[in-house]
Amino acid sequence: MNSTTHDDRRRLVALGAATAAGLWLATGCASTRNPQETANMMIPPSANTLTPAQQAIVPIAAFAAAGDIPKLTTSLNEGLDAGLTISDAREVLVQLYAYAGFPRSLNALGALMQVVDTRRQRGVQDAPGREPGRPIPKGDALLAAGTANRTRLSGAPVGGPLLDFAPVADEYLRSHLFGDIFERDNLDWHSREVATVSMLSAIVGVDSQLQSHMRISMNIGLSANALRQLTRVLAQRVDAASARRASEALERHLAPAG
1 MNSTTHDDRR RLVALGAATA AGLWLATGCA STRNPQETAN MMIPPSANTL
51 TPAQQAIVPI AAFAAAGDIP KLTTSLNEGL DAGLTISDAR EVLVQLYAYA
101 GFPRSLNALG ALMQVVDTRR QRGVQDAPGR EPGRPIPKGD ALLAAGTANR
151 TRLSGAPVGG PLLDFAPVAD EYLRSHLFGD IFERDNLDWH SREVATVSML
201 SAIVGVDSQL QSHMRISMNI GLSANALRQL TRVLAQRVDA ASARRASEAL
251 ERHLAPAG
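Residue numbers (full-length UniProt numbering): 1 to 258.
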């Protein structure tokens, strides 16, 4: 009897260890995935033109950054009519906080909520879209993921005197922007950069950041032709000043060194 009990205990311990190992493997895959593999999941193939959905993102992002709620409302309706999902638009407007601040991001999200409610009352059923397909890392894992994402987007590790002077800003960039936001795989990185370039084009005085994101956009596969198309959408649907800032930033990036 005692021998049988001892053997049963041994079998239970072995089974528990095997189960724990299986759970570790099942849950550990996402957290130990190669950062390059993760980034590739969110970068579409190189694009020579913008999709209709990406073209719709341009005025939404620009008017949201400018704080022009009436024009943003019009652009949101046009974007949803063109096939943007509610999730697509919401992701763009959440991302706005990193470039134009929470007040404009929250105001823009309020406008989207009102647009969706008004359309629903008219009987329009907009596609909800999808949520991220995997959990967002936390703590040190989030900082590591954000660092890897920023390196992939920029093409090299990022540093410099400004980030050395304000290391907490560097941590916020890696954890919040390139971690919390760019880890969300329900909007691909091409579309996120289309949104970012459009936002920065609508803001006066951020020329260096705008030019940097022209470089990032091309680094992840948006062609010069696609970015010129973005500037044309700005000219046609936003304003000439935003289009000019975008065009000048792109041409500075494309100009031969020296």
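Just so you know, even glycine gets a beta-carbon here, dropped at the ideal spot from N, CA and C.
Requested in this report: Can you tell me which of the three DSSP states A47 falls into?
Outcome: Residue numbering aside, residue 47 sits at position 47 when the sequence shown is read from its first letter. A47 falls in the strand class under three-state DSSP.
Query - Expected contact under 8 Å - CB spacing of A108 and L84 to nearest Å - result: Taking the first residue of the sequence shown as 1, we reach residue 108 at position 108. Taking the first residue of the sequence shown as 1, we reach residue 84 at position 84. A108 to L84, Cβ: 14 Å. No contact.
Query - Supposed contact pair G221 and S46 - C-beta distance, whole angstroms, cut 8 Å - result: In the sequence shown, residue 46 corresponds to position 46, counting from 1. In the sequence shown, residue 221 corresponds to position 221, counting from 1. So it is a contact: roughly 4 Å between Cβ atoms.
**Report entry** Nearest residue (CA-CA) to P157, options L142, E251, A141, R174
**Finding:** Mapped onto the sequence shown, residue 157 falls at position 157. Comparing Cα-Cα distances from P157 to each of L142, E251, A141, R174, the minimum goes to R174.
Query raised in the report: Is the distance from the Cβ of M202 to the Cβ of V233 below 8 Å?
Result: As a position in the sequence shown, residue 202 is number 202, starting the count at 1. As a position in the sequence shown, residue 233 is number 233, starting the count at 1. The residue you asked about is not Met; residue 202 is Ala in the sequence shown. In this structure, V233 does not lie closer than 8 Å to A202 by Cβ.
Requested in this report: Determine the direct distance from the alpha carbon of P135 to that of D180, and round the result to whole angstroms.
Outcome: For this step, residue 180 is matched to residue 180 along the sequence shown. For this step, residue 135 is matched to residue 135 along the sequence shown. In a straight line, the C-alpha of D180 is about 10 Å away from that of P135.
Query raised in the report: Which whole runs of the alpha helix (DSSP H) in the stretch 150-218 are 4 residues long or more, in chain order?
Result: 161-165, 167-172, 189-201
Requested in this report: Please name the residue, chosen from R228, A255, L254, P256, that lies closest to R244 on a Cα-to-Cα basis.
Outcome: Here residue 244 refers to the residue found at position 244 of the sequence shown. The residue with the shortest Cα to Cα distance from R244 is R228.
Query raised in the report: What distance in whole Å lies between the Cβ atoms of A61 and A82, which are believed to be in contact at a cut-off of 8 Å?
Result: Locating residue 82 in the sequence shown gives position 82, where the first residue counts as 1. Locating residue 61 in the sequence shown gives position 61, where the first residue counts as 1. Incorrect: roughly 14 Å between the Cβ atoms, too far for contact.
Query - Nearest candidate by alpha-carbon position, reference A64, set A166, R215, A98, L143 - result: Here residue 64 is taken as the residue at index 64 of the sequence shown, counted from 1. Of A166, R215, A98, L143, the residue nearest in Cα terms is A98.
Requested in this report: Compare the beta carbon distance of S217 and V204 with 8 Å and say whether it is the shorter of the two.
Outcome: Position 217 of the sequence shown, counting from 1, holds the residue named residue 217. Position 204 of the sequence shown, counting from 1, holds the residue named residue 204. The answer is no: Cβ separation not under 8 Å.
Query raised in the report: By a C-beta neighbour count over all protein chains shown, 10 Å radius and 16 as the cutoff for buried, is D126 buried or exposed?
Result: Position 126 of the sequence shown, counted from the first residue, corresponds to residue 126. Per the 10 Å Cβ criterion, buried.
**Report entry** Check whether D185 and P103 have beta carbons under 8 Å apart
**Finding:** One-based indexing of the sequence shown puts residue 185 at position 185. One-based indexing of the sequence shown puts residue 103 at position 103. No, the Cβ-Cβ distance between D185 and P103 is not below 8 Å.
Query raised in the report: By how many angstroms is the C-alpha of S191 removed from the C-alpha of Q209?
Result: Looking up residue 209 in the sequence shown gives position 209. Looking up residue 191 in the sequence shown gives position 191. Computed Cα separation, rounded: 17 Å.
Query raised in the report: For A195 versus Q95, is the C-beta spacing smaller than 8 Å?
Result: For this step, residue 195 is matched to residue 195 along the sequence shown. For this step, residue 95 is matched to residue 95 along the sequence shown. Cβ atoms of A195 and Q95: closer than 8 Å.
Query raised in the report: By Cβ distance, which residues of its chain are closer than 6 Å to L15, with the 5 residues on each side in sequence left out?
Result: Here residue 15 corresponds to residue number 15 of the sequence shown, with the count starting at 1. Low confidence applies to L15: its pLDDT is 37, below 50, so where it sits in the model is not reliable enough to give any reading.
Query raised in the report: From H176 to N77, what distance separates their C-alpha atoms?
Result: In the sequence shown, the residue the question calls residue 176 occupies position 176. In the sequence shown, the residue the question calls residue 77 occupies position 77. Whole-angstrom Cα-Cα distance: 29 Å.
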